[in-house]
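Residue numbers (the numbering used here): 14 to 111. First the structure, in the form of structure tokens, and then the observations on it.
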């Protein structure tokens, strides 16, 4: 069990964006894993980051909730593994720039 935070992803300019989908190749069980995403305008100051927004998954491994950010330049995701047998393998998280 534990968690990992991704590197920062730079959108190259401030944009509005929405988390559209996630491409999951394999997962132990959706109850073993929690996924989060957050955003910032500035990667130097920690106080400008949003709170972590949980990405909820359906039984068919689709995103169940709508997450959007305004005036965002940087994104970061976090994976929380809740037990020893938990794992996830995914290719990408699709974010649409509005």
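Ideal Cβ positions, reconstructed from N, Cα and C, are used throughout, including at glycine.
Asked, Found
"Through-space distance from residue 45 to residue 39, alpha-carbon basis", "12 angstroms"
"Nearest residue (CA-CA) to residue 80, options 20, 17, 101 and 30", "30"
"Enclosing beta strand (DSSP E) for residue 54 [first to last residue]", "Per DSSP, residue 54 belongs to no beta strand (DSSP E) and is neither H nor E."
"Beta-carbon separation (whole angstroms), residue 106 vs residue 28, contact threshold 8 angstroms", "So it is not a contact: roughly 16 angstroms between Cβ atoms."
"Classification of residue 47 by the beta-carbon crowding that lies within 10 angstroms, buried from 16 upward", "buried"
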